[in-house]
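The opening residue of the sequence shown carries number 6 in the numbering used here; numbering runs sequentially from there.
All residues carry an ideal CB built from backbone N, CA and C; glycine is no exception.
These notes are about the structure you will find just below.
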Amino acid sequence: MAVGLLHKIRRVKAMARQDGLLRTARAVWYRLRNGQKAPWQQIDVFQHYAFAWPADIAALPGKGGAGTLLWFIPDFNLGSGGHLNIFRTIWHLEQMGYQSTIVIGNPRDHHDAALARTAIREHFFPLQAQVHIGLEGLPPCEFAVATGWDTAYTVRAFGGAAHKLYFVQDYEPHFYPVGTEHVLAENTYRFGFFAITAGDWLAGKLASDYGMRTH
């Protein structure tokens, strides 16, 4: 019973980090009210996991300038703690002279780059970073940064970066029971990225269990 409760807590934490508190609260409320998950929908499994298929994502011609970063993020909602940490880090890097572009490769709520940038500036941090929607026409960069296990597959496929980083805030396989998502999440720690982690425990685990270079 304790294991099941712990798994549910991890799932709620993962939902809140990715989808924001409002959407997570609605999902929990629906489950409590109806005693079941949200209505079942048939999905195309191959399309659902298409991001994990080996594929090359080309950048525009040229070489990325020194201090340029592409941050590949899941689409965001207001109140997302994980996104707050990402945008805070981008803001601090901007104060040090780094130039960032935020890439929403799989948009759900934001399909207009200008509106997405305005939302970030108004509700998170007043970033100078530009926002790019989709994976076409990406500029080359010095650093490509994955910010979650699903975006790590995109960064692995992206050919326009001199270096690839992994901004790791949680040990994400713990958010899932043993199955497809658990395995896909764990595999990303074997991609050879340099990890920037949220704390010493996570840095030590990724280094000892997966041989990652961590900071």
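query, result
"Exposure label - Trp58; buried when at least 16 CB within 10 Å", "exposed"
"Nearest candidate by alpha-carbon position, reference Trp76, set Leu140, Gln52, Thr106, Leu211", "Thr106"
"Minimum C-alpha distance to Gln174 - residue among Leu143, Val183, Gln133, Ala200", "Ala200"
"With 16 other Cβ atoms within 10 Å as the buried cut-off, status of Ser85", "buried"
"Own chain partners of Lys169 with C-beta closer than 6 Å, once the 5 adjacent residues on each side are dropped", "Ala149, Val160, Phe198"
"Per-residue DSSP class, three states only, for Thr152", "coil"
"Leu65 versus Arg93, Gly164, Gly153, residue with shortest Cα-Cα distance", "Gly164"
"CB contact flag (Asn82, Asp114, <8 Å)", "yes"
"C-alpha distance - Ile62 paired with Gly139, whole-angstrom precision", "11 Å"
"Among Arg93, Asp214, Thr193, the one whose alpha carbon lies nearest that of Asp155", "Thr193"
"C-beta contact flag for Phe129 and Phe92 at 8 Å", "yes"
"Run of the alpha helix (DSSP H) containing Trp206, from where it starts to where it stops", "205 to 215"
"Straight-line gap, Leu143 to Asp49 (C-alpha atoms, nearest Å)", "27 Å"
"Proximity winner among Ala134, His116, Ile125, Glu127, relative to Gly102 (alpha-carbon distances)", "Ala134"
"CA-to-CA distance, Thr73 to Gly216, given in whole angstroms", "26 Å"
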